[in-house]
Each structure stands twice: as structure tokens, then as C-alpha cells.
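See below for the structure under consideration.
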Amino acid sequence: MNLFKQLAKSLYSPKDIASFRFQGIGKTILYVFVLSLAAIVPASIFLGLTISSSITAAQQTIQSDLPSFAIKNGELTADTDKPLEIKDGELFIVLDPTGSFTSKELELKQNAVGILQKEFVLVSNGTAQSIPYNSAGDFSITKDQIVNFADQTGQLKPVIIGAAIVLLYLISSFSKFVEVTILALLGLMIRSMLKKKVNYKQSWVMSAYSVTLATLFLTIMNAVQAAVPSQGLVIWFVHLVMLYLSIKEVPSKKEPAVIV
Numbered sequence: 020m021n022l023f024k025q026l027a028k029s030l031y032s033p034k035d036i037a038s039f040r041f042q043g044i045g046k047t048i049l050y051v052f053v054l055s056l057a058a059i060v061p062a063s064i065f066l067g068l069t070i071s072s073s074i075t076a077a078q079q080t081i082q083s084d085l086p087s088f089a090i091k092n093g094e095l096t097a098d099t100d101k102p103l104e105i106k107d108g109e110l111f112i113v114l115d116p117t118g119s120f121t122s123k124e125l126e127l128k129q130n131a132v133g134i135l136q137k138e139f140v141l142v143s144n145g146t147a148q149s150i151p152y153n154s155a156g157d158f159s160i161t162k163d164q165i166v167n168f169a170d171q172t173g174q175l176k177p178v179i180i181g182a183a184i185v186l187l188y189l190i191s192s193f194s195k196f197v198e199v200t201i202l203a204l205l206g207l208m209i210r211s212m213l214k215k216k217v218n219y220k221q222s223w224v225m226s227a228y229s230v231t232l233a234t235l236f237l238t239i240m241n242a243v244q245a246a247v248p249s250q251g252l253v254i255w256f257v258h259l260v261m262l263y264l265s266i267k268e269v270p271s272k273k274e275p276a277v278i279v
């Protein structure tokens, strides 16, 4: 509960952030994990909805809209002499036994499933993952088998979504710790410039709270799906301003007395 109180405080008061510098490192690490969790809430919701709708759309499309096909000896054959491209919502499904499509072309579709001549391609948010058929050795499969597999996958949707969200959280947490660590190093430069009594541990703790404002702002923008121009520059500018103002609140170093 105290972590959430500090989360609220750190949104508006550099003086409060400066006072947190004496906090234990363990509590600060826990705070960063909590902040990372809050940051992925909108993305987790959208990811879950995307995965769920994509699996459902793929099931229906493969079963109803695609002709019979088979993958054998590392190559796709199908009852069609031209590529088939089906759009279901935001998802594109491509069946291409001719070799016309490439994974690069599928990336342009943002979200797509490609059953291509030599490989299977899955595209999510413009990033393609390719699996060549011959990488599985002596591999063969038919449309009916894929339909059965899709049905089984549909039953595992909660598990797949849960695993995807856990992976997203781990990536988010790692990124946030790297972000705080880099900011803490910059904090040492600010400390020297302002002649403040701040060691690296204290800089790291203050950095962890200084990233809160920009992180929650970005989370809200993601929730309403609003684009932030020059997002990286804006976020780091806010981080640095918050840390600068926080370090400024720390007492200055005492100059040694001069004996005349």
C-alpha cells in the first residue's frame, strides 16, 4: 500500500523524490516492478484481445475459406494455381503455393499468417517470425490436421494469452531497470554539476521514482491509443527534468572551512 502512496507522491513533488533517497534498495526494486506492471496494463489488454481474435479468425478462415493443401518434403502444395489472400478484421491470412509472397511483404500487413511455399510466417505488429518447413526434418501435414490443431489451440487461448502477458511483463521490467540504471548514471553527472551529496545508490533510488511521471503518461496515451510525437525524446526529457529537480532538493556539499 505504501508503494502506491509513493507512486502518487512521486507524480508531483521532486522534494518527496529527494526524500526517498534513503529508502532501502529492495523496496525501490519492488517499486520498479510495480511500476512496470502498471505500465503494461493497456498493452496486455490489447495483446490479449488481438491473440484471441487472431486465433478465432484463423480457425474459421482455415476451415471455411482455404482450399485443401498439404506440406510435404519442405514445400506447400494446394488446390489453387495462384496465391490466396484473405482479410479478417486486422488479420491477413495468405496461402501461397507459388512462391510469390515473401516474409518481408507480409510484414507490411502488420498482422498476418502466411502459409507460403517454403515457410510458415507469423507477423505481429509488423514483426515477422519465419519457420522454414524443412527445418522440421521429414515433416508433412495437411489442412485437416491444421484444422484439428487450430481447434486445440483455441482451447488453450487462456494459457497462450497468459504466457504472452508474462513475457511482456518480463521484457517491460528488464527495460525499466535498464532505463533507471542509465538515468542514475546521468544523475551522478547532475550531482557533480549541482555539487550535491548523492551517491550512486541514492541516484538510482531517485531515478526509479523520477521515471514515474513519464511512464504513467505514456501508459495513459497507450490506453487511449494516442500517438506521442518524438516519444523517446519526450520521455527522456521528462525523466531528466524530474531527476534534476529532485537532486536540486538535496542539501549541497559543505565547503571546507578556510583558516586564515
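Here the sequence shown is numbered in our numbering, starting from 20 and rising by one per residue.
Note that the Cβ used here is the ideal one computed from N, Cα and C, for glycine as well.
Note that the structure is a prediction, hence the values are computed from the model and not measured.
- Counting C-beta pairs with one atom in each stretch, the stretch 97–113 and the stretch 50–58 have fewer than three that are closer than 8 angstroms, which means they do not touch.
- A residue is called buried when at least 16 other Cβ atoms come within 10 angstroms of its Cβ; Leu135 meets this threshold and is buried.
- Under DSSP, the beta-bridge partners assigned to Gln148 are Leu141.
- Per the coordinates, the alpha-carbon of Thr172 lies some 16 angstroms from the alpha-carbon of Ile160.
- In the DSSP assignment, Glu94 falls within the beta strand (DSSP E) that extends over Glu94 to Ala97.
- Contact holds between the stretch 38–50 and the stretch 219–232, because three or more Cβ pairs, one in each stretch, are under 8 angstroms apart.
- Assigned with DSSP and collapsed to three states, Ala89 falls in strand.
- Looking only at Val166, Val260, Ser71 and Leu110, the smallest Cα-Cα distance to Leu127 is reached by Leu110.
- Excluding five sequence positions before and after Asn153, the CB atoms of its chain that fall closer than 6 angstroms to its own CB belong to Gly93, given in chain order.
- Counting C-beta atoms within 10 angstroms of its own C-beta, Asp115 has 16 or more neighbours from the protein chains shown and is therefore classed as buried.
- In summary, Leu189 is exposed, with fewer than 16 beta-carbon neighbours lying within 10 Å of its beta-carbon over all protein chains present.
- Distance from the CA atom of Leu235 to the CA atom of Pro177, rounded to whole angstroms, is 27 angstroms.
- Just measuring C-alpha positions, the residue of Gly181, Thr146, Pro248 and Pro86 sitting nearest Ser71 is Gly181.
- In the three-state reduction of the DSSP assignment, Leu54 falls in the helix class, which pools H, G and I.
- In the DSSP annotation of this structure, the continuous segment of the alpha helix (DSSP H) that includes Ser226 starts and ends at Tyr219 to Ser229.
- When Cβ pairs closer than 8 angstroms are counted between the two stretches, the stretch 78–93 is seen not to touch the stretch 41–53, the count staying below three.
- The beta carbons of Val132 and Ala77 sit closer together than 7 angstroms.
- Under the three-state reduction of DSSP output, Phe120 falls in the coil class, being neither helix nor strand.
- Scanning the stretch 150–190 for uninterrupted beta strand (DSSP E) segments of 3 residues or longer gives 159–161, listed from N- to C-terminal end.
- When Val140, Val269 and Ile74 are compared, the shortest CA-CA separation from Phe168 is found for Ile74.
- Of all C-beta pairs linking the stretch 209–221 to the stretch 256–272, three or more are shorter than 8 angstroms, placing the two stretches in contact.
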